[in-house]
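-3 is the number of the first residue of the sequence shown in my numbering; add one for each residue after it. Notes for the one structure printed next.
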Amino acid sequence: MDKKQPFTALLGLYIGQVSTRASYFGITEGKFSLHGTEKAPTSLSPNAHVGSGAGTAMRELEKQADKVILQPDGGLLLPVNARGQGVDRVALALSAGPEVRVIVLGITEKGSIAAGRALVDSLPLVLEGAFGLVELVDEPGMIESLVRIRPEIVIITGGEDAGAESPVRRWIEVVRLVCQLLPPEAKPIVLYAGNPLLQEAASRRLEPVTNLRICANLQPKVGELDLIPAQVQLDQEILRIWRARVPGLADLDDLAESLWGTKHFGFSRMVRYLSWRENRHEGLTGNSILAVDLGTQDVLVSAGVNGNANTITQSSEINRLTGILPELVSEQVFKWTALTVTLQETRQYLFNKTLVAGCVPENVSELALSQAYARVRLQLGMEKLSSHYPNLGYDPQKGLMGHFEPVIASGSALTQAPTPGQAMLILLDGLQPWGITTMVLDRYHILPLLGVVGGLEPVLPVHVLGSNAFANLGTVVAAVSPEPIGEKILSIQVKTGAGKDYMVEIEQGSLRRLVIPAGVSAELELAPSRLTEVGFGEPGLGGRLKVTGGTLGVVIDARGRPLKLPEDDEVRIEALRRWLWTLGG
């Protein structure tokens, strides 16, 4: 099928480490919408075909959406026939591939090496080492180390545009020697993303000995990153590696006609798109948005600002060799658990998660622990995002001070929470935002798929984003003040337009919910105390805020930043339960 030919029905497949989801996108009243989505366990065992899990998900989708997309023999019906059966295109988003090991070769730790780390952390890659000028002192030892590591991908960067050349030339020679020493099957893919003046030299020295890719400099100027060209290139290399290693993936790729991408790249691309100033669809987009995905294996966080996405992957913090979580993580999970558990029980729960990452809570204790773990994972993800991009306004000691509207969140801990209030509280506690934002749930984990499809048909994501595939949890107003607990810090006049206006007084240390029915418009007039900041630019400054009611209406968070949990176990658990009760249990 011609890739530019219009289509009326598309099958989206997300293949994750634990679950495979099949989603049907069709046209209703002239607009694309999500007609149905179903999931099944991913088939990833050595003797399994990854299409087996996809087939199960598609058969369930046929029943749920009342669509015919499969032939009697189980094959996919392509394209749509005269009876409206089948699909015209297939899109794939993947996170179920094996580890891809990479090393970064640069110059300085705070310059090119930091840029390389940021690039690696934005994609499903495992960094096996990052080396700079210090390691170049011992070139023979460096060559020996790289031969021993046997990386699958080598990233050479360093030197601004028209900047340093000598150390980058030396890295090119080191890599050339390493490739000559390695057997053919172990030769890495080399991505040159450094000083463009040396692209010709890199091509001349490396193309004869290995597979070379060349793209734009990661750091064209000091303090300026340009990762997108390298992300595009690496995403395709990762997919090629996975295609060769995952049984059946080549068949799915053939069906998709290479309309595919890693979850990470699709996620990041969609965040870039949503953060363009001119794209404001159904109140879901602005020029700064935050998206978070609590996956079973890692946390994906992407902050989009004016068409640029700053994306990181935060692992589960489980030691790859020992399978043990750092003690600090266990202690933090223990403190955020809203039930009486011991630290040993917390450690045991987390250890079990290392054995079965996709296990679902089976009782209230496991539910409380899983939601506490979700909070800690979000905090760790935001800390890592801040370490690469400090200008985004997150401080572990203060919370998320940068303004992002909206926050789009996915992951089973959120989308399968028993109540919307539990999902909202996980996001509030994990992110600790300042000011005003809207919390939106990606209910069916389709944001990465939309990012993949957007490269083919940009209007499809636009239509779907305005549909009920995304759930508006509610507007958040986080009032931050140095006033003591119990002091009045904010007055809110609520005007609903239905003749039922009322006034609310907010005290420091409190969490309140204003009931505004979903879809109903209201106007809030915020009058903070002199030292209280509510999101209008400075302490003491208030204003009017127009909102549309979400599932939880409007949530006023005046618990302080950073949110300090009581030290006493009983008092802390009581506070956690009280906050949960405030948002509906």
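Using N, Cα and C, we set each Cβ at its ideal position, and we do this for glycine too. Keep in mind it's a predicted model, so treat the numbers as computed, not measured.
Under the three-state reduction of DSSP, which class applies to M397: helix, strand or coil? coil
Could you tell me the boundaries of the alpha helix (DSSP H) in which W167 lies? S162 to L177
Note the first and the last residue of the continuous alpha helix (DSSP H) segment covering R573. D565 to T578
Look at the alpha carbon of S264 and the alpha carbon of Q195, and state the distance between them as a whole number of angstroms. 27 angstroms
Out of N283, S383, Q293 and C211, point me to the one whose CA is closest to A92's CA. Q293
So, under 8 angstroms CB-CB, R209 and E169 are touching, yes? Tell me the CB distance rounded to an integer number of Å. About 18 angstroms separates the two Cβ atoms, so there is no contact after all.
Indicate the three-state DSSP secondary structure (helix, strand or coil) for G422 in the structure shown. Reading off the sequence, residue 422 comes out as Ile, not Gly. Note: I422 maps to helix in three-state DSSP.
Do you know offhand how far T583's Cα is from A370's? What the structure shows of the chain is the stretch from -3 to 581, and residue 583 is not part of that stretch, so it cannot be assessed.
Could you pull out every residue in the same chain whose Cβ sits closer than 8 angstroms to the Cβ of K496, ignoring the five residues on either side in sequence? none
T24 classed as buried or exposed, judged by whether at least 16 other C-beta atoms fall within 10 angstroms: exposed
Could you give the residue range of the alpha helix (DSSP H) that holds H260? K259 to L270
What's the call for Q310, buried or exposed, on a 16-neighbour Cβ count within 10 Å? buried
With H, G and I counted as helix, E and B as strand and the rest as coil, what does DSSP make of T38? coil
Name, in chain order, the residues that DSSP records as bridge partners for L541. L520
The beta strand (DSSP E) enclosing A405, as first and last residue numbers: V403 to S406
Just to confirm before moving on: does the CB-CB distance between A252 and L88 stay below 9 angstroms? yes
Which residue marks the beginning of the alpha helix (DSSP H) containing F347, and which one marks its end? L339 to L351
Taking only the alpha-carbon atoms, compute the straight-line gap between E148 and A114 and give it to the nearest angstrom. 18 angstroms
Any C-beta of chain B under 9 angstroms from that of R343: The question asks about chain B, but that chain is absent: this structure has only one protein chain.
Can you tell me whether M420 is buried or exposed, with buried defined as 16 or more other CB within 10 angstroms of its CB? buried
Please classify G546 as buried or exposed, where buried requires at least 16 neighbouring CB atoms within 10 angstroms. buried
Is the beta carbon of E362 less than 9 angstroms from the beta carbon of Y345? yes
Residues sharing a beta bridge with A474, DSSP: G431 and D553
C-alpha distance - D564 paired with E570, whole-angstrom precision: 10 angstroms
Report the option in L248, I224 and P478 whose CA atom is closest to the CA atom of A50. L248
Within the same chain, show all residues whose beta-carbon is closer than 8 angstroms to that of Q13, passing over the 5 residues directly before and after it, in chain order. T38, L40, S91, A92, G291, T292, Q293, A353 and G354
In whole angstroms, what separates the C-alpha of L437 from that of V174? 47 angstroms
Does DSSP classify G125 as helix, strand or coil? strand
Can L121 and I234 be called in contact, C-beta distance under 9 angstroms? yes
Segment contact, 8 angstroms Cβ cut-off, at least three pairs: the segment 545 to 560 with the segment 497 to 514: yes
Between which residues of its own chain and R526 is the CB-CB distance below 6 angstroms, once the five residues before and five after are set aside? G536
I need the straight-line Cα distance from L280 to N468, nearest angstrom please. Residue placement at L280 is poorly supported in this model, since its pLDDT is 43, which falls under 50; the coordinates are not used for a value here.
Is the beta carbon of G137 sitting closer than 9 angstroms to the one on N191? no
With DSSP collapsed to three states, give me the class of S199. helix
CA-CA distance, R166 and V228? 26 angstroms
Rounded to the nearest angstrom, what separates E181 and A475 at their Cα positions? 58 angstroms
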